[in-house]
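Trainee: There's a structure below that I have some questions on.
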Amino acid sequence: MNKIFYLSTCDTCKRILKEVQPNESIDLQDIKKLHITAAELDAIHEMVGGSYEDLINKRARIYKSEGLKEQCLTEDNIRGWILKEYSMLKRPLAIIDGEVFTGNSKVTVADLKAKLSK
55 MNKIFYLSTC
65 DTCKRILKEV
75 QPNESIDLQD
85 IKKLHITAAE
95 LDAIHEMVGG
105 SYEDLINKRA
115 RIYKSEGLKE
125 QCLTEDNIRG
135 WILKEYSMLK
145 RPLAIIDGEV
155 FTGNSKVTVA
165 DLKAKLSK
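To convert, take the position in the sequence shown, counting from 1, and add 54; that gives our numbering.
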């Protein structure tokens with residue numbers, strides 16, 4: 055699966071997509087229009103070493119407004135939040151040749167760009 059999950063209303067996602075320039079063989083999925091499925095999330099969970107915490111967006115408004123930082127969230131809780139609220143998925147999230155790239159750090163974006171240029 056070669057896919058990038060992104061949010062079309064997110065300026066950071068737009069900037070990163072423009073920078074990495076994915077070719078037409080990469081499936082782009084706007085998570086606001088087409089939410090990530092449980093099967094997709096579980097597959098990615100396995101690829102990142104079995105931690106949903108690596109996939110949750112701790113900067114999301116709902117993460118703060120629901121006080122999730124102060125709660126002791128289990129893996130099942132985190133999985134449920136990501137499936138319930140599209141904004142809870144750390145983004146952009148790219149899967150390229152079995153390798154997962156999550157978030158918008160400079161290192162992650164540079165690694166993704168390098169992978170896509172091969």
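All residues carry an ideal CB built from backbone N, CA and C; glycine is no exception. Keep in mind it's a predicted model, so treat the numbers as computed, not measured.
#1: Leaving out five residues before and five after D165 in sequence, what residues of the same chain have Cβ atoms less than 8 Å from its Cβ?
#2: Looking at K86 and S119, is the spacing between their C-beta atoms short of 8 Å?
#3: Would you mind stating whether L137 and A92 have Cβ atoms separated by less than 8 Å?
#4: When the distance is taken between beta carbons, is L109 closer than 8 Å to I116?
#5: Can you list, in chain order, the residues of its chain with a C-beta nearer than 6 Å to that of G152? Leave out the 5 residues immediately preceding and following it.
#6: Would you tell me roughly how many angstroms separate the C-alpha atoms of K23 and D84, rounded to the nearest one?
#7: For A148, collect the residues of the same chain with a Cβ closer than 6 Å to its Cβ; drop the 5 residues on either side in sequence, then sort them by chain order.
Mentor: Let me lay it out:
#1: F155
#2: no
#3: yes
#4: no
#5: none
#6: Past the edges of the chain, shown from 55 to 172, lies residue 23, and the structure says nothing about it.
#7: I58, F155 and L166
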